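Residue numbers (UniProt numbering), protein chains in the order written: chain A, 1 to 651; chain B, 1 to 695. Where a beta carbon is used, it is the ideal one built from N, C-alpha and C, also for glycine. Values in this document were obtained by computation on a predicted structure and should not be read as measured data. Working notes, beginning with the structure itself.
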Amino acid sequence: MAAMAEIIVPDSRRCINFFLYDGSKVKGEGDPTRAGICYFYPEETPLDKQELLCGQLAGVSRCVSELSSSPVRLLRLRRSKFAIRMKDNFLWALSCSMEMPDVSICDFLDQLINLFSFYNGPIRQSYQIYSQEHLAVRWTQYLSHLQGGATELHHIFSVLSTIDSTHIDPLLLLKAALILQACQRCPLVLAGCVLYCGRVVSTQMPPDLTVKVMVHEMETYKQDQRPNGLSSSSSSGSTPLSSPVTSTTVFLTATELQYLRSAPVDRESRSKSTQSTPKESNRPRKSRLLSRTLSDTPTTDPLDPDPTHCVPLSFHYPSTPQSTISDESLFSPSPTFHTPGPLSPSPIKVAPETSDHNLSNGKLSHEGEEGVTGSSYDHSFHSIDGGRAESGLAGGARSMQNKDLRHINGQNGGSIVLSGERAGALRFRGQESPEPGSQRVGNVEVFKEKEGQGSKGLLQADTCDVPPYSPSPGENSTEAPLLPMSLYQHRVRGLVLALLVEPDFHSNTAATEEVYHSSLASLNGLEAHLRTTALGAPGPHGPYTFAHFDCIQNTLTTNLSGRPGGAQECSFVRATSLLHSHFSHTEALQEAIVRSAGAAVYGTRSVAQETYFLQQGGAVRNSGIPNHQDSAFSLPSKARHRLMKHGVNLL
Amino acid sequence: MLAGSCSTIIPHGHSRAENWGYEERFQWRIWLSVSFHPSQPPAFEDSINTLFAPIIISCSTMVDRLGDSYTSFTTENNHTYVLHQFEECLYIAVNGDREEDEEDLKRKIYVMKKMIEVLFGMVTLSSTLIRKELRPQDTEQRTNLWKYLQSLLETYSRLREQDQSFLVEAVERLIHPTLCEQCIEFLERRLVQQINSSVERAGEEVLHAFILVHTKLLAFYSSRNASTLTSSDLLALIVMVQNMYPSNIDLEDTAPEDVENTSAPDIFYTPEPSPTNRDSGTDRDSVNSGRHEESRHEESYHVGSGTPVFQFLDPDIQMAEDSLRSLEAPPPDPSNPSRVFLEVTLKEGCYPMMPHSMYCLPLWPGITLVLLTKIPNSNLAMSVYVFLEAFAKLEKRLSEGLEGSAARGQTSIQDLRNKLDKFIRALGTSDIQTSQLQSVWTEFKSRAFTRGGPGFSRDLVPWCRTMKSQLCGVYRQCFITENTVGGGSPQHLSPSLQDRALTMVQEKLMDWKDFLLVKSKRNITMVSYLEEFPGLIHFIYVDRTAGQMIAPSLNITDRATSELGKGPLAHFIKGKVWGLVNTSRIYLQKGYSTVTLRDGDYFFCYFLWFENETGYKLEVKDLPILPNDSAPIGMLAWDYYRKLLRYYSKSHQGEVVKCYELLTVHLGVIPTEYILQHCSQLARKLWEPSRIPLL
């Protein structure tokens, strides 16, 4: 029984090994394995061990995928397991502790790869353009970014970190949403998000895209922190060392872009009509936009140029990134493309020097005050209340419509913002014009990384058992054609407005100035308010532990502390991990209670959320025989009551 | 008759990875599609070897250099490859139909290993010897052996898919107390006594006798001086019997007679412990046996011919249906017993893999009498085991660098020396080849015991290994040589004695025959529980201490309408039950003894608990959390529950600890509190019958 009593010590480190191996570099007998190693984490691993792992895993994966005529997805060893991605001659492998559910580790690897292509474009090309050392820095950065979750739960669920909405005036969230909506009036702006200190305040993008955008934000945030700490006094006259506005090229998949470009109103029907694309049908509905915005009504904007303006844009995409880079007419205002890295912030002086003076605080905070309390907002606040009542009625309905409308901020704030959007939508309904067909991504010229995409796509469509609520493996952007777009960032201390914009946004002075000026004042105001709000104060610790995961927005609400916890917390995490993995591959499973001698955990899920609950207390004395008075079976009702005050509604 | 056949075990080529014994691929849906052309068996083996060579080589590299080994690969189109290495033998299982998951495949590997242990006993402890056994030089012999192993595994897979007792890996008894009582008495007073007192028994002694109706146990009798038969062994034997005389489910369902309503079992017979053997008259008669051999393989062929999802692309290795059928192994002489190696627990200790002979006497199609006998020289196996264990311990201590303690155990070493000397001398009088063992032993002694010699040091480790291997060789000579699969030693119960036994039992059960066949399909009916437990759809109750289970019959054939209805719904429920068992094991492996699930329109419960002998519920203790690569939970291949009970008993010294499991499926609309009440009432109600000892 010695072996049975063995208890596994959970390894909190999420990633143990990660490597990218290029099989095309090791063809002949004499080629050393090291020639194929593009990146290996941890980098200090001795080279012979790197070679051993890469060589063996690549060889064995290749053999198995030839036998099964399908790429290997997961490779298990006795003491570790690797998520594998194989594409052309490249092989990515990522190993985690055995405790990590299979779903989570595969998601993690997909996220990592997608993140890389988001900033660097297709893998083959990026390794042609940039040096291996340079890209190694990127991989390290992405890895550490994705591993940055506060608790093990964050790793299990691939969580998007958001500001704690329960501690924030809902009006601030509304304000953030309005800033984004205002920016979208410019047709060159696809979607955006507002981030504060590495957390999402409001986003219009699907969670997987928001995560990608955040990497850059975090990076520039750190850079800003170094010379001039964020906490430094904001006395008037102190200007940030780096420019507040940066821009960088990013690469979106056709699917992502299509979602961003299509107007939210029509998204539902659009996604149905495009079922023929395998990618499309594979995509979970989480990739829909999260909020409806004023841009639904592009014609109402007086400054808006011709709505068909977008069409010619799509023809500008060159077929290779090299030509993108050299295309001066498109990108001349931006020096980014000649700097070594696509991620290095490229300051663009969008606004004239004088705009910096606008940043001086006195006036701004005043504007902020006005923004929140001013009468113009009062009106919308009242209409929100009406909207809330309305949405409360409809709240029980699990219609997808509602889910689409749910806002990024947790439950409390979320419901208000949601109703705000509803109200907004109501107000503007009359003016809504049919969506201009020109916005469709029709025959966009894209560059494919390699030939044979079609068959790959079909193969993935065959994988019909993809868990419905986890990102499908087919989503990997490295398999899809990538389209260059631009990521615009406007930073006000800890606050960042990040917008995904069409590539020629920067050459359009009118547009850049419009976006800059329209958001500047509000951003300053928002920042001032957020700064005064205590962030990250942990929620009330009751005699229970819970985790609430929103599968649509990838947000997690939990009262579990980041510190390595006691036995109860460990068993909570372990049960949650098991249940999550069970939920992810059993579609019809709604509720589960599992009990060991020491702890009972209740898990419940709907299409939109997963909730886990553990009631703390001394080990319940029981025999394990079925007994309806057993405390474990009262967990569902306890969870319902307790979690109400955390904004989790389990009814 | 045949040049080759499809194979389950592909001993690995001698060229590339010498020390990798053999690899196995099982998943019979694949087998048949990759079976090789009769005229070119070597080509097939080669092609398999070539295909898998990179994996096998990489496996050894990983073990050598990382100390870790592959356990599975999963591809995007849901092919799963499971690898497991026992000693030097690497097993590879591939699912071709994407239905079986990793756990299923792993379980199959363990079952395969268990079956090989039952067939080859301690020879499996020596990798050189077992490699030779599994890959005989003679092509025909090899073909027969592989075919036999393949059919065993197919039989197991069929049982696991169809039979609840193989799903949960516990024996199911036919619930008919009166008849059970009569049969046990009959087996004890008439049958076993007669055989054991006959001169025709050739030195064998019947230890256990049981009657199987399909897979269900009607009566089980063990003679007084016999050790208990473990659940693991009993289940493995049932697989072998089913392989020999398979139940054809479709045919049997044509008998539409209704069973006498066996509502909730009220009266149960608890037999007395069997009294001492008394002599009685011997009746003999003779009848047939072993004529159902043929139909079996056809059936299994059809199972396999479904859709070969997984194919190796070489068309040459596809085999025509006809040629496959012609490759059937010739049926062995039915009067020859099978040699089986079973665990024996005596006062002196526990001896795994002790040789027995198994006689399967088919009473009627579907009903079989099984006799397990002790063979004359089985004491020799015990001695070999004791020596093997002693050398293994010595080797371990020496290789751990504990020479001191190895030497300190001087008395036991001296003891070993004396015993082994005596053993070899005794062997010399028989016709067993001992010269090699003798010379190795002499060499060992000269190294270990000579003054001034190297003594007990690490240098002795290889010699320990050689000794073990030599001992296994002796064991093999005694118990396996003339008795490969299906073959028989010249010494066994005479055919006429077997025939008389068969006739006796046939006469006894003649009137019951049809009833039993139907009863085995309707052992317990859900109808009898519906009134008391409205909303209950199905349950399985398992007494893990006794290794027995009770569950309403789940008959899903197109012809018979079960209580679950016909067709899709019944299949759906069956699928849910099977899924629930798998799920509960996943949680149990991680230490959860209670699981409730709301899944679609159904509510599932799983409970595991401990009681003492009087039914007093014992407190839950933290169950061990097993690593992911641990053996599959069950009783057939690796007895998890026995280990669990041992683990639990540590804190309940001097008390008999019993372990029970209950799985239920309810309609989801029933309020949870009622469901839980049902579960506790059900557990109480089922407790009584489960206490009938297996004897």
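DSSP beta-bridge partners for residue i?
i	result
residue 609 of chain B	B:660
residue 42 of chain A	None, per the DSSP bridge assignment.
residue 447 of chain B	Residue 447 of chain B pairs with nothing; no bridge assigned.
residue 31 of chain A	DSSP lists no partner for residue 31 of chain A.
residue 661 of chain A	Outside the displayed range of chain A (1 to 651) lies residue 661 of chain A, so it cannot be described from this structure.
residue 171 of chain B	B:548
residue 162 of chain A	A:200
residue 548 of chain A	A:557, A:611
Restricting to Cα atoms, I'd like to know which of the options is closest to residue i.
i	options	result
residue 120 of chain A	A:645, A:639, A:249, A:614	A:249
residue 532 of chain B	B:372, B:357, B:353, B:679	B:679
residue 607 of chain B	B:615, B:620, B:174	B:620
residue 395 of chain B	B:632, B:465, B:590	B:465
residue 339 of chain B	B:120, B:111, B:168	B:120
residue 554 of chain A	A:62, A:209, A:60, A:131	A:209
residue 528 of chain A	A:487, A:196, A:46	A:196
residue 232 of chain B	B:511, B:244, B:165, B:179	B:165
residue 708 of chain B	A:82, A:71, A:99	Any property of residue 708 of chain B remains undetermined from this structure, which presents chain B solely from 1 to 695.
residue 584 of chain A	B:599, B:574, B:591	B:599
residue 426 of chain B	B:380, B:103, B:207, B:50	B:380
residue 491 of chain A	A:509, A:544, A:163, A:218	A:218
residue 503 of chain B	B:56, B:356, B:52, B:361	B:361
Our contact map puts residue i next to residue j with C-beta atoms below 8 Å; I'd like the distance itself, whole angstroms only.
i	j	result
residue 92 of chain A	residue 105 of chain A	With 8 Å as the limit, residue 92 of chain A and residue 105 of chain A do not qualify as a contact, their Cβ atoms being about 12 Å apart.
residue 170 of chain B	residue 635 of chain B	6 Å
residue 424 of chain B	residue 437 of chain B	6 Å
residue 115 of chain B	residue 353 of chain B	That belief does not hold up - the Cβ atoms of residue 115 of chain B and residue 353 of chain B are roughly 13 Å apart, past 8 Å.
residue 193 of chain A	residue 498 of chain A	5 Å
residue 187 of chain B	residue 221 of chain B	4 Å
When we look at the beta-carbon of residue i and count the other beta-carbons within 10 Å, is it buried (16 or more) or exposed?
i	result
residue 48 of chain A	exposed
residue 358 of chain B	buried
residue 434 of chain B	buried
residue 701 of chain B	This structure gives no information on residue 701 of chain B, because the portion of chain B shown stretches from 1 to 695.
residue 212 of chain A	buried
residue 64 of chain A	buried
residue 351 of chain A	In this predicted model, residue 351 of chain A has a pLDDT of only 38, less than 50, meaning its place in the structure is not dependable enough to derive any value.
residue 569 of chain B	exposed
residue 294 of chain B	Low confidence applies here, because residue 294 of chain B scores a pLDDT of 31, under 50, leaving its location unreliable; read the following figure in that light. That one is exposed.
residue 676 of chain B	buried
residue 648 of chain A	buried
residue 115 of chain A	buried
Given that residue i touches chain B, what residues does it touch there, using C-beta distances under 9 Å?
i	result
residue 586 of chain A	579, 583, 597, 599
residue 98 of chain A	627, 628, 629
residue 52 of chain A	61, 62, 65, 66
Please list, in chain order, the chain A residues whose beta carbon lies closer than 7 Å to that of residue i.
i	result
residue 671 of chain B	What residue 671 of chain B touches in chain A: nothing, since even the nearest Cβ is about 10 Å away.
residue 677 of chain B	628
residue 93 of chain B	None at all; the shortest Cβ gap to chain A is about 13 Å.
Quick one: list the residues of chain A neighbouring residue i, beta-carbon separation under 8 Å, in chain order.
i	result
residue 605 of chain B	626
residue 73 of chain B	60, 61, 64, 72, 74, 75, 76
residue 680 of chain B	625, 626, 627, 628
residue 593 of chain B	595, 596, 597, 624
Identify the contact partners of residue i in chain B, using a Cβ-Cβ distance below 7 Å as the criterion.
i	result
residue 63 of chain A	54, 55
Going along chain B, which residues have a C-beta under 8 Å from residue i?
i	result
residue 598 of chain A	622
residue 622 of chain A	619, 620
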